[in-house]
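Colleague:
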Amino acid sequence: MFLQKLYRFFFFSVLISICLLLYNWYKDDEFDNNPISQELEQQIFLKKEQTRQLLQRHYNISLNVPIIVSDKLPSSLYGVAVFTNDEKILIYLNKKRFKESRSYMIDYVIPHEYAHAVMFHLKEFSKEQSGHSEKWESICKNLNGKKCDRFVDNHDIIIGKTGF
Ligand SMILES: [Zn+2]
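The opening residue of the sequence shown carries number 28 in our numbering; numbering runs sequentially from there.
Here it is in C-alpha cells:
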C-alpha cells in the first residue's frame, strides 16, 4: 500500500516536471519568435524616462535616444551604444539577454548605455578604455547606474557602421 502511494507520488512528480519543462520550452520559443511584450516595452520606456529626467536634472541636457531591442547582437553583449555614420545616437539592447534577467537589463544596462550615448552627444568619442572614461563613469553614476565600473572588459560602443 505504502509502496503504491510512493510510486504514485513519484509518477505524478515526474509528470509535473515534464509538463513544466515543456512549458518552459514553449515560453522560450514564444519569446524568441515574437516581438517583446507590451509590459516589457513599458518597463523600458519608464526606465528611459527616469534616466532622461536625471540627465536633465544633473546636466541640463535633454536627450531622447531611441532604445531598440534586437536579437541580432552578439550574445557577448548586453547592450551597445551606437553613433551612426549619419550622426544618429542609438542604443541597442540584446533581446536574448532579457530572458536571463529583465531587471539587470533595465537597471544596469540602460543607464550604462545611456551614459555612453550622452558622451556621444557631448562629442566625446575617445575609445580609450572602450569609452569607459572618468567622465563617462560620473555620468553613469548620476544616471543612477549600477554598473559604472571603468575597468570592465566591455566593448559596447560602436562608432560608424553596425551589422544589426
Ligand atoms: Zn560600456
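Quick reminder that beta carbons are idealized off the backbone N, C-alpha and C, glycines included.
What separation, rounded to the nearest whole angstrom, lies between the Cα atoms of Ser40 and Met28?
Modeller: 18 Å
Colleague: Determine, using beta carbons only, whether Ala144 and Ile116 come nearer to each other than 8 Å.
Modeller: yes
Colleague: Rounded to the nearest angstrom, what separates Lys192 and Asp183 at their Cα positions?
Modeller: It is not possible to answer for residue 192, since the shown part of the chain is limited to 28 through 191.
Colleague: Alpha carbon to alpha carbon, what distance is there between Phe152 and Lys188?
Modeller: Spanning the two alpha carbons is a distance of roughly 15 Å.
Colleague: Is the beta carbon of Tyr105 less than 8 Å from the beta carbon of Arg124?
Modeller: yes
Colleague: Taking contact to mean 3 or more Cβ pairs, one atom from each stretch, closer than 8 Å, check whether the stretch 70-87 and the stretch 43-57 are in contact.
Modeller: no
Colleague: Could you check whether the Cβ of Asn171 sits closer than 7 Å to any heavy atom belonging to ligand 1?
Modeller: no
Colleague: Are there any heavy atoms of ligand 1 lying less than 7 Å away from the beta-carbon of Asp180, as far as the coordinates show?
Modeller: The answer is no for Asp180.
Colleague: Pull up the distance between the alpha-carbon of Lys126 and that of Glu140, whole angstroms please.
Modeller: 19 Å
Colleague: So, under 8 Å CB-CB, Phe191 and Tyr135 are touching, yes? Tell me the CB distance rounded to an integer number of Å.
Modeller: So it is not a contact: roughly 21 Å between Cβ atoms.
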